[in-house]
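Be aware that the sequence shown starts at 22, since it is given in this note's numbering, and climbs by one per residue. Even for Gly, the Cβ is constructed at its ideal location relative to N, Cα and C. Please read all numbers here as calculations on a predicted model, not as lab measurements.
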Amino acid sequence: MANAAGGTQRMTAEERRVIFASSLGTVFEWYDFYLYGSLAAIISVQFFSGVNPTAAFIFALLAFAAGFAVRPFGAIVFGRLGDLVGRKYTFLITILIMGLSTFIVGLLPGYAAIGFAAPAILIVLRLAQGLALGGEYGGAAIYVAEHAPHGKRGAYTAWIQTTATLGLFLSLLVILACRLSMDKESFDAWGWRIPFLLSIVLLGISVWIRLKLNESPLFQKMKEEGTLSKAPLTESFARWPNLKLVIIALIGLTAGQAVVWYTGQFYALFFLTQVLKVESQTANILIGAALLLGVPFFVLFGMLSDRIGRKPIILAGCLLAVVTYFPLFSALTHFVNPALEQARERAPVVVVADSASCSFQFNPVGTAAFTSPCDVAKSALAKRGIPYANAPLADGEETRVTVGETIVPSFDASADADGSARAAFDAALSSALSEAGYPASADLAAINYPMVVAILFILVLYVTMVYGPIAAMLVELFPTRIRYTSMSLPYHIGNGWFGGFLPTVSFAIVAATGDLYSGLWYPVAIAAMTFVVGLIFVPETKDRELHPEGS
C-alpha cells in the first residue's frame, strides 16, 4: 500500500483510519499544549503567587524552555525511539505523556495549598509536554506518509498540518464554554481546571484509536529484514551526508516555514491586540474567521504538491511573505485603526535620547529590567502601540518624549522605588497622546471587517502554502531507517526556536526603532534566507519512493 503506484486509486478504509487516528491524536496534543498559553494569567496566579524573585526567575526560564526550547530535545529523544522501536509505539508514548501531564495540572494544588512544590511540579509537567510535542509531530507525519500511496503523500500528510490550527480552536472553544457556564470568580477559582481535566477523555479516545492501528509497513519490513538502524543519532548527525541534509532542511525549509506560520497565526493576533489595540475577543474572532477560511487550503496545497512539487509551493509562500508583509500589515492599520494613522500625521511622536543608553529590549522570559530613561520611554510607547521617531540628545538635555508640541520628560526607573515617577510619567504621556488624538483602543465601529478578514486570510493562505506540503517533503528527504530522528530535529528547531522567538524579537525591534512595522524584518529576513537557500540547495522530493532498501 505504501508504495502503490499511480496515485489515482480511491483512499482505502485503512488509509482513512490511519489519517483520522494520527490527526485526531495530534489535534488533542495541540489542544493540551495551547491550554497553557490560553490560561497563562490564571495559572500564574494559582501557582506562582508568593514565590521569591529568585525562584520566580528560575521558573520563568523553565516555563519558557518547556514551551519552545525543549521541543528539539523531545525530537531527539523520541525520534531515536521511533527509529529503534517503531512509529506507532513512539507516538503512543508521546500522547500518553502529553495527556497525563495536562490532566495532572487540573488536579495539582496551587501555591497556597502546597507552597513551593506547586510551581516546581508545574514546571516538570510543562517540560514533559514540550518533550512530548517534540516527538509527536514527526511520528504522526511519518506514520501517515509511510502508509500513503506514491503520488498522494502530500494530500495525506496535509491532514496532519491542519491539527495545530484545529487544536487551537478546540482549546479556545472549551475554555469559552467553561467561562460562559459560570461567573468569572468561579472560573478563576476552580473552573479553569475543567479544560485540563477533560484531557483524560481526549486521551482515552486517542489511545483507544491508535491501539487499533498497525505499525508502519516500511518500518515493519525493515524490522523483518533486520535492517533497522542501531544508532540513529550517529547516522543522522555524525555522518556528513545526512547532517548536511538536516542543515539544509532547517535553513532551506523549516526556518522560513516557521516564521511565516507564526506571523500569519500568532504575530497577526499580537499586532491586532498589542499594536492596534483591538480588544481580545474581537481580535480572536477576526483571526478565527481567517483560520476557518484557510484550513481547507492546507489540504489543497498538499494535494497540489503531489502534482507540481513541494518545493515551488513552499518557496512561493516564503517569497510572497517577503514581498507583501509590509504592505499587508500597513493595510491592517489602515482598516483596523484609522485614527492611529491620522494622529501620527497630525502629531508625530519623537523620543529624544542618547542612543548609547538605549537597550535592545529582547526579553523572552519577562525577567530582565530595562530601567534607563530611554528604555522607559520606548517601552511605554511600544506597549501602547504608538509609532515614534528617534532623535539624538544634545549635551545638558534630558531624555524626553515629544508628542507634537508637548514635551514629556522620562525618568530612571532604577531610582523609582515607590513607583511615583512611573505613575507621573504614565499619566503625563497618556494625557499628551490623548490630546493629540492617539486612540487608547481601536474603535470597533470604525473597523472595516470584510477587508480585515481578507487581509488576515491572505496571511493564513501563506501559512497553508508553506505548511501544507512540508510534512511530505521532510519525510521524503531522509532515509527510512533514520527518518524519525533526522526530520524531527530541524522541524522543531525551526518551529520551536526560529518561530517561537518571533513575537519577542519583533517586539524588541519595534521598541528600538519606533516603527510599528519594523518587527516584520525578522520574519522577512528568515523567509528570504529560506527562499534563497531552498532554491539553490533543497532538492525536489515528490517523485521519491519510500523504500527501506539501502537506507
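Item checked: Whole-angstrom C-beta distance between Glu167 and Ser227, which should lie under 8 Å -> Not confirmed; about 20 Å, so no contact.
Check: Going by alpha carbons, who is nearest to Gln302 out of Gly273, Ile272, Phe208, Arg200?
Finding: Arg200
Next item on the list: Put Ile226 into one of helix, strand or coil per three-state DSSP.
Entry: helix
Next item on the list: Could you tell me whether the region 177-191 touches the region 48-56, using the rule of 3 or more Cβ pairs below 8 Å?
Entry: yes
Next item on the list: Mind reading off the beta-carbon distance from Leu129 to Ala139? Whole number of angstroms is fine, and I expect it under 8 Å.
Entry: 7 Å
Notebook entry, point to check: Just reading off the beta strand (DSSP E) that Pro500 is part of, what are its end residues?
Noted result: For Pro500, there is no enclosing beta strand (DSSP E), as DSSP marks it with neither H nor E.
Margin query: Considering only the alpha carbon of each residue, which of Ala90, Ala398, Ser43 lies closest to Leu224?
Written below: Ser43
Notebook entry, point to check: Taking C-alpha atoms, which residue in Phe356, Ile334, Phe446, Ala461 lies nearest to Glu3?
Noted result: The structure shown does not extend to residue 3, since the chain is modelled only from 22 to 572, so the question has no answer here.
Next item on the list: Return the Cβ separation of Gly535 and Pro408 in integer angstroms, given the expectation that the two are a contact with Cβ distance under 8 Å.
Entry: 6 Å
Next item on the list: Tell me whether Trp213 is buried or exposed, calling it buried when 16 or more other Cβ atoms sit within 10 Å of its Cβ.
Entry: buried
Note to self: For Ser435, which residues in the same chain have their Cβ closer than 6 Å to its Cβ, ignoring the five residues on either side in sequence?
What the structure shows: Thr392
Checklist line | 8 Å Cβ cutoff met for Phe347 and Met486 | finding: no
Check: Exposed or buried, Leu567, counting other C-beta atoms within 10 Å across all chains shown (16 or more means buried)?
Finding: buried
Next item on the list: Identify whether Ala390 lies in helix, strand or coil by the three-state DSSP scheme.
Entry: coil
Next item on the list: Give me the Cβ distance between Leu312 and Val481, rounded to the nearest whole Å; I'm assuming they're in contact under 8 Å.
Entry: 6 Å
Next item on the list: Check whether the Cβ atoms of Thr420 and Val370 lie closer than 8 Å to each other.
Entry: Cβ distance not < 8 Å, so Thr420 and Val370 don't count as in contact.
Note to self: Between which residues of its own chain and Ile9 is the CB-CB distance below 7 Å, once the five residues before and five after are set aside?
What the structure shows: The structure shown has nothing for residue 9, since the chain only spans 22 to 572.
Next item on the list: Take Ala467 and list the residues in its own chain whose beta-carbon comes closer than 8 Å to its own, dropping the five residues that flank it on each side.
Entry: Asn358, Pro359, Ala360
Checklist line | Distance CB(Phe291)-CB(Pro524) smaller than 8 Å | finding: Yes. Within cutoff.
Next item on the list: Decide yes or no for the touch test of the region 363-378 against the region 495-512: beta carbon pairs closer than 8 Å, at least 3 of them.
Entry: no
Notebook entry, point to check: Straight-line CA distance for Ile334 to Tyr505?
Noted result: 24 Å
Margin query: Can you tell me which residues form a DSSP beta bridge with Ile428?
Written below: Thr423
Next item on the list: Give every residue of the same chain whose Cβ lies closer than 6 Å to the Cβ of Ile118, excluding the five residues on either side of it in the sequence, and list them in chain order.
Entry: Ala149, Ala153
Notebook entry, point to check: Ser507 and Asn263 look like a contact to me (Cβ under 8 Å); what is the Cβ gap, rounded to whole Å?
Noted result: 6 Å
Check: Which value, in whole angstroms, describes the spacing of the CA atoms of Trp211 and Val145?
Finding: 21 Å
Note to self: Spatial neighbours of Ile230 within its chain, please: C-beta separation below 6 Å, excluding the five flanking residues on both sides.
What the structure shows: Ala42
Next item on the list: At 3 residues or longer, and completely inside the region 208-290: list those beta strand (DSSP E) runs for me, N to C.
Entry: none
Notebook entry, point to check: According to DSSP, is Ala546 helix, strand or coil?
Noted result: DSSP places Ala546 in helix when its eight states are reduced to three.
Check: Hey, how far is the Cα of Thr178 from the Cα of Pro170?
Finding: 11 Å
Next item on the list: Leaving out five residues on either side along the sequence, give the residues of the same chain with a beta carbon under 8 Å from the beta carbon of Ile163.
Entry: Gly103, Arg108, Ser237, Val496, Arg504, Tyr505, Met508
Notebook entry, point to check: Which value, in whole angstroms, describes the spacing of the CA atoms of Leu8 and Arg565?
Noted result: The structure shown does not extend to residue 8, since the chain is modelled only from 22 through 572, so no value can be given for it.
Check: By Cβ distance below 7 Å, which residues in the same chain neighbour Val473 in space, the five residues on each side in sequence not counted?
Finding: Leu307, Leu353, Phe356, Val357
Item checked: Per-residue DSSP class, three states only, for Val371 -> strand
Check: Do you know whose CA, among Gly127, Pro560, Ala475, Ala90, lies nearest Phe499's CA?
Finding: Pro560
Check: Whose C-alpha, out of Gly417, Val429, Ala415, is nearest the C-alpha of Ala401?
Finding: If we check each option's Cα against that of Ala401, Val429 comes out closest.
Item checked: Coil, strand or helix - Asn575 by DSSP -> Shown here, the chain extends from 22 to 572; a query on residue 575 therefore has no answer.
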